[in-house]
Amino acid sequence: MFRLESKINTKGAEFLRNRDEYLPILAKFKDTLSKVRQGGPPLLVARHKERGKLLARERIDLLVDKNTPFIELSTLAAYDLYNNEFPSAGIVTGIGVIHGKETMIIANDATVKGGTYIKETIKKHVRAQEIAMENHLPCVYLVDSGGVFLPEQANVFPDKYDFGRFFFNQARLSAKGIPQIAVVMGSCTAGGAYVPAMSDETIIVRNQGTIFIGGPPLVKAATGAEVTAEELGGAEVHTSISGVADHMAENDVHAIQICRNIFESIQRHEYQHLETIPVEEPFYNAEELYGILPIDLKKPVDSREILARIVDGSKFHEFKERYAPTLVTGFAHIMGYPVGILANNGVLFGETALKGAHFVQLCTNRNIPILFLQNVTGFIVGKEYERGGIARDGAKFVHAVANADVPKFTIIFGGSFGAGNYAMAGRAYEPRFLFMYPNSKISVMGGEQAANVLITVKEDQLHAQGKTLSGEEREKMRQTILKKYEDEGSAYFSTARLWDDGIIDPTDTRKILGLSIAISQNRKYEKTKYGVFRM
Ligand code: COA
């Protein structure tokens, strides 16, 4: 493979200006992350510790093998929602290594409203189980939760992907031979009681963990009987009388030790072999991305410059370099793993879509993972292109991506707009993971375009009534729409709503992608079958 030659002058004014603009964006992201990672209000964190309990992230640290990475997912879920009273949506999810096995860990944060579930908590929990299903990862549930956040019951209880989905997923995961282990370190009330009850194996902490379908207040209201939480559903009861739990632990540390011991007997079922090569760091420094990444999305960025700072040795075997240049396609290695890459380099034309579909077929035929690097305004519009059948060509690309059954990974490094989001493996196309950069933007179209469309529609309406829009009204309308798109298009807005698996520091891309590909090897890649490509 040839090494990419960067054309960036890292001492030039443009690079330095871009970096100066980027660094505050990065600082804001890191600052937000560290605030959110503190969990609930300081008073409740202190009370939690006084009870002799470890915090959710401390529990995870102890659970995973020493000196192994933990990929935390969607840390900023529910960010800027509910007056920011649900940091990380009250749950920590991510993939860590336990006795050498990549494992999905789902840990309630009891310092956040008693570890209760709002819509985003549920979305995050279900998404973690979906990742476990797609990649055949054992699941550990570190349970410490008051169940549903009752004021939000209408948004969390009965729908297909609501609270009940957890237990459905546990049953289906277990049936596939994917181990389900629960560690009860606090409350498991009402529906929450099913998390340990549906697990393959369950641990409960003495004088701390409780499992019951109805808590003491409910029992009193229903039957008049007064009973303590411990008598109703503590560790002694469940490990010696009811049999709902299998192991009793003395405290958090002991419970985690038992959980680790369980992993000693867990076997890996199948494994996807990939031909790897020795890892080589990129020739170009990843930190240079800060001076290159697009902040003003109108400014074109050669996506090869991004690739040169992500792939092994900055080496890239480009496919169809001279054809349809607004989509860069080719093969490379990331942390030694082979990968096919599609990276946007401008608007999508008919021939770009055909090149993309062709390249996806190459990857699925060779059975190697595909990386999509998104910075896309969408497909080209206009009479000439419609007549040329842009919709049909775009459909071929979308068809290829939708059916590609090798693992797909998506990184949004700039804009993600319109059907470009779909063709480039947006969330609906089931990439195994989708991450965004802090500068990136996502919406159905850019704010400017949306404003123009809506103003034109309004003007046509008024015109039919013999009226017109004044210059002032037009400008007011434009500003309102621009502001709305600016707010709703931000990476923070996306990640708060779980449209992605998290925002990442661009310099971590290589590490995260390497781990993601390694994780995907836990399940054999499916043979891709395509349907009808419209010709
Ligand atoms: N719905 C809404 N809010 C809840 C809640 C629930 N199910 N459970 C707890 N909270 C809130 C509390 O109101 C409190 O909010 P505040 O800080 O704004 O006042 C916060 O969570 C912490 O609760 P607190 O009781 O002080 O914490 P704790 O650590 O002593 O106890 C629980 C936590 C979960 C054991 C306890 O709150 C409890 O039993 N909750 C009810 C659980 C239940 O019956 N759930 C059924 C729903 S399926």
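The sequence shown begins at 472 in the working numbering and counts up one residue at a time. Every residue gets a Cβ at the ideal spot worked out from N, C-alpha and C, and that includes glycine.
- In this structure the region 762-769 lies against the region 877-893, because at least three pairs of beta carbons, one per stretch, are closer than 8 Å.
- Sequence-distant Cβ neighbours of Cys659 in its own chain, meaning closer than 7 Å and more than five residues away, are Val614, Ser616, Val666, Pro667, Thr681 and Ile682.
- Nearest C-alpha to Tyr1001 among His740, Leu798, Ile983 and Val877: Val877.
- Short note on Leu552: C-beta not closer than 7 Å to any heavy atom of ligand 1.
- The region 863-879 and the region 939-947 do not touch, with fewer than three beta-carbon pairs separated by less than 8 Å.
- Each residue's CA atom was taken as its position, placing Pro977 and Asn892 some 19 Å apart.
- Here DSSP, grouped into helix, strand and coil, assigns Ala814 to strand.
- Distances from the alpha-carbon of Phe754 to those of Asp783, Cys730, Asn732 and His740 put Asp783 closest.
- With respect to the C-alpha of His718, the residue from Glu735, Ala661, Gly662 and Val655 having the closest C-alpha is Val655.
- Between the region 856-870 and the region 817-830 there are three or more C-beta pairs closer than 8 Å, enough to call the two in contact.
- A direct Cα-to-Cα measurement between Thr546 and Val583 gives close to 14 Å.
- Cβ neighbours of Asp536 within its own chain (closer than 6 Å, five residues either side excluded): Val568.
- The C-alpha of Gly807 lies about 15 Å from the C-alpha of Ala779.
- Set against 7 Å, the gap from the CB of Phe620 to the closest heavy atom of ligand 1 is smaller.
- When C-alpha distances from Tyr900 are compared across Ala862, Gly918 and Phe868, the shortest belongs to Phe868.
- Taking C-beta separations shorter than 6 Å and ignoring five residues to either side along the sequence, the partners of Thr673 in its chain run Ala653, Pro667, Ala716 and Asp717, following chain order.
- The C-beta separation of Ser774 from Asn846 comes to about 7 Å, placing the pair in contact by the 8 Å criterion.
- Residue Phe843 holds the alpha-carbon nearest to the alpha-carbon of Gly897 among Glu919, Phe843 and Lys631.
- In the displayed model, Asn892 falls within a helix according to three-state DSSP.
- In chain order, Thr660 place their CB closer than 6 Å to the CB of Gly686, counting only its own chain and leaving out the 5 sequence neighbours on each side.
- The criterion of a C-beta distance shorter than 8 Å is satisfied by Ala962 and Met907.
- Scanning the region 487-548 from its first residue to its last, the whole beta strand (DSSP E) runs of 3-plus residues come out as 542-544.
- Taking a cut-off of 8 Å on C-beta distances, the region 700-711 does not touch the region 735-742, as fewer than three cross pairs fall below it.
- Thr966 carries a helical assignment under DSSP once its states are collapsed to helix, strand and coil.
- Note on geometry: alpha-carbon atoms of His725 and Leu525 lie some 12 Å from one another.
- Leaving aside the five residues that flank Asn910 on each side, the residues in its chain whose CB is nearer than 6 Å to its CB run, in chain order, Ile496, Leu764 and Ile766.
- Relative to ligand 1, even the nearest heavy atom lies 7 Å or more away from the CB of Ser911.
- Leaving aside the five residues that flank Asp864 on each side, the residues in its chain whose CB is nearer than 7 Å to its CB run, in chain order, Gly821, Ala824 and Leu825.
- Runs of the alpha helix (DSSP H) spanning 4 or more residues and lying entirely within the region 641-673 occur at 665-668, in chain order.
- If you compare the alpha carbons of Ile975, Ile684, Phe1004 and Glu758 with that of Lys501, the shortest gap goes to Ile975.
- Between Leu984 and Ile805, the C-beta gap is smaller than 8 Å, which places the two residues in contact.
- Taking the C-beta atoms as reference points, Gly811 is found nearer than 8 Å to Leu833.
- Our two residues, Lys631 and His596, have alpha carbons roughly 14 Å apart in a direct line.
- By the 16-neighbour rule on beta-carbons within 10 angstroms, Asp580 is buried.
- Secondary-structure assignment with DSSP links Ser616 through a beta bridge to Cys659.
- Taking C-beta separations shorter than 8 Å and ignoring five residues to either side along the sequence, the partners of Lys929 in its chain run Leu940 and Met948, following chain order.
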